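Number 25 in the working numbering belongs to position 31 of the sequence shown; there are no gaps in the numbering. Here the structure comes first, spelled out in structure tokens, and everything after it is commentary.
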Amino acid sequence: MKVAVLGGSGKTGRAVSAALAQAGVATRPLGRAAFGDLPAALAGADAVHVIAPNLHPDEPGYVTAVLAAAHQVGVGRIVYHSVASPYVPAMPHHVGKAEAEDLVRRSGLEWTILQPCAYVQNFVPALVAGAESAAGSGGAARLDVPYAVHTPFGLVDLHDVAAATAVVLTRPGHVGATYELGGPALVSVADVAVAAATVLGHEVLARRIDPDDWDESATGLDERERVWLRAMFAYYDDHGLPTGGVPLGALLGRAPAGLGEVLSRELAGRSCQG
Ligand SMILES: NC(=O)c1ccc[n+]([C@@H]2O[C@H](COP(=O)([O-])OP(=O)(O)OC[C@H]3O[C@@H](n4cnc5c(N)ncnc54)[C@H](OP(=O)(O)O)[C@@H]3O)[C@@H](O)[C@H]2O)c1
């Protein structure tokens, strides 16, 4: 079996490609250059796993191009990487995925849709930076986010999401299925800080910063991306992103990894006690 992984050079795509390789599947990781000649990039693959770039301005357009190319070269199987709670009108990038899901379901291809919550791994760079600055200053490490630190999320291990992707691509019974993929429990950013403190061996303080202050310090984003991220922070502030963990456990045949397990792995070697 050969799987073309669109977005394969990114964070998610690398994890998915590794999980597929572990399952004995040949992968073709593809980045933006594949869009120069998408049919040629997909030709010969048995399936395509579609991961759009973060905050794509037109995700339905991106997915439309992939579906057309897949039809053109006879790739009959597609797995689309969406997001938990795609139809949230307050978050434009989620709505783009909701519309793209509809296109996938009506494509005539054999489809599966995956709806992961935010990855635990998203917090690792901030935890590492916080740990380093705390080591320099002797104070507590901070975990700053521009939204409430007590709202609930089904934060999920990226590597569990990748393993589940390999399952749906390599085992029968997943055509026509949409799976919400959350971790084993609802957790907050404050819980992330507590779990990280246990792993790192020093205090980690979760703190909500003013989104205006985030806006002033954020770099490398255009105006639309800022507006869309601000919309996401406002939603997270009020509601978090609760996501169920049962489907992921069923796909993996074991409990999904919890915060402590993921952070122990991702922050290995950074404990100030070790
Ligand atoms: N992070 C999370 O917690 C989370 C949770 C649920 C869902 N998701 C979704 O996962 C997806 C991927 O996230 P990620 O963090 O893995 O992204 P990423 O690391 O930024 O990777 C993006 C990928 O898209 C490609 N790409 C960039 N710009 C492109 C363009 N204009 N046209 C076509 N391809 C382009 C990149 O290829 P190059 O190498 O050529 O740049 C790369 O392969 C996003 O849609 C996100 O919404 C993320």
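Glycine included, every Cβ here is placed at the ideal spot set by N, Cα and C. Quick caveat, the model's predicted, so the values are computed rather than measured.
Not one heavy atom of ligand 1 falls within 6 Å of the beta-carbon of R224.
If you keep only unbroken beta strand (DSSP E) runs of at least 3 residues inside the region 103 to 138, you get 104 to 110. Contact annotation: the region 161 to 176 does not touch the region 202 to 220, with fewer than three C-beta pairs closer than 8 Å.
Within the same chain, and ignoring the five residues on either side of V67 in sequence, the residues whose Cβ sits closer than 6 Å to its Cβ are P33, L36, A37.
Here the distance from the Cβ of S11 to the nearest heavy atom of ligand 1 is not below 6 Å. DSSP assignment within the region 179 to 212 yields the following whole alpha helix (DSSP H) runs of 4 residues or more, N-terminal first: 183 to 194, 205 to 211. For H153 and L246, the gap between their C-alpha atoms comes out near 11 Å. For R218, the enclosing alpha helix (DSSP H) has its first and last residue at 217 to 233. Residue burial annotation: V221 is exposed, with fewer than 16 other C-beta atoms found within 10 angstroms of its C-beta.
In the three-state scheme derived from DSSP, where H, G and I count as helix and E and B as strand, V98 is classed as helix. Pairing G234 with T106 gives a Cβ-Cβ distance that is not under 7 Å.
Residue burial is scored here from C-beta neighbours: V169 has fewer than 16 other C-beta atoms within 10 angstroms and is therefore classed as exposed. Within the same chain, and ignoring the five residues on either side of Q109 in sequence, the residues whose Cβ sits closer than 7 Å to its Cβ are S76, V77, A78, P80, T172, Y173, E174, L175. The Cβ atoms of Y229 and A84 sit closer than 7 Å to each other. By the neighbour-count criterion, in which 16 or more other beta carbons inside 10 Å mark a residue as buried, G1 falls on the buried side. Taken from the Cβ of V77, at least one heavy atom of ligand 1 lies inside 6 Å.
Nearest Cα to G70 within the set A129, L149, V(-3), A249: V(-3). The three-state secondary structure of T145, taken from DSSP, is coil. Distance from the C-beta of G30 to the nearest heavy atom of ligand 1 is not below 6 Å. Judged by DSSP in its simplified three-state form, R71 adopts strand.
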